[in-house]
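In the working numbering, the protein residues as written are 1 to 321. Glycine included, every Cβ here is placed at the ideal spot set by N, Cα and C. Note that the coordinates shown come from a computational prediction; the quantities given were computed from them, not determined experimentally.
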Ligand SMILES: [Zn+2]
């Protein structure tokens, strides 16, 4: 357990007296209350999380998480098992223990991924329709593109040969399966890479047994900001521009919350974030292309070329705008 102000380790968060009176502990180092969120209502805690208050994040990912996880026994070591029976018993115990221990977190991940799948589906469909119906003489592009090479002019026929165009010819359940695989793969890679770089490369949290869980929970809490656009689907603000603004806000939430929890420099966190985003971008779609093209290499090559052409077209447009 830590003090949410100075982040130094403390013995306890509060003392319970015989008449059930609770006294919050004061930090011996900074003299502030160790964790005022012990007494604060969940609704207020949620608002403070939205406002990126450092105390709210530290209360949840350090103190609250440690209190919860310490109630469960640690996983049994499988290397020390003498027989297959012993090994299987230890394995079953570990699996059961894992599901009980991370039940609340897994439910939150499931909720978040479900929303993320739906939002990705909606956004990709809007983008597909937008790019397919876009013409060379649309908006500012024509004004600026008169003196530019042809490669910078918008060519909507590229859109007809991309992986997205193939996906939208499938039945809705198969489309859902595709977007579910996309989102699960994307979140898994993001989560694994961020945790690997912070723990293994920057050597953060070597003194804590819960360092892996702390980073995972921080990503989960800040990733929640990505589902804000679900509210925008209710009101008529679901334009591509407003959705991309929200995506950038969500990225800011992830960077800021990692900074609050790890106390690493912004430079290190932004470096990791950019690297991980590039890794995701270069791995998620190519992996799915392999499956969509059914491991047919000429088809894979063609789809990757079309995706690259689309990327060039998009970047050309963004530069012009
Ligand atoms: Zn303190």
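Nearest-angstrom Cβ-Cβ length linking residue i and residue j, presumed shorter than 8 Å
i           : j           : result
residue 105 : residue 217 : 7 Å
residue 65  : residue 214 : 7 Å
residue 33  : residue 26  : 6 Å
residue 257 : residue 52  : 7 Å
residue 123 : residue 243 : 6 Å
residue 261 : residue 57  : 6 Å
residue 189 : residue 284 : 7 Å
residue 14  : residue 24  : 5 Å
residue 255 : residue 269 : 5 Å
residue 55  : residue 72  : At roughly 26 Å, the Cβ-Cβ gap does not stay under 8 Å, so residue 55 and residue 72 are not in contact.
residue 115 : residue 227 : 4 Å
residue 272 : residue 194 : 6 Å
residue 121 : residue 179 : 5 Å
residue 161 : residue 313 : About 12 Å separates the two Cβ atoms, so there is no contact after all.
Beta-ladder partner(s) of residue i, from DSSP
i          : result
residue 23 : 15
residue 9  : 2
> Around ligand 1, what residues have a beta-carbon under 7 Å from a heavy atom of it, in chain order?
Replying inline: 3, 5, 6, 8, 27, 29, 30, 32 and 34
Runs of beta strand (DSSP E) lying entirely within the segment 25-58, each at least 3 residues, in chain order:
none
* **Any alpha helix (DSSP H) of 4 or more consecutive residues that is wholly inside the segment 61-147** => 65-69, 84-101, 103-132 and 139-145
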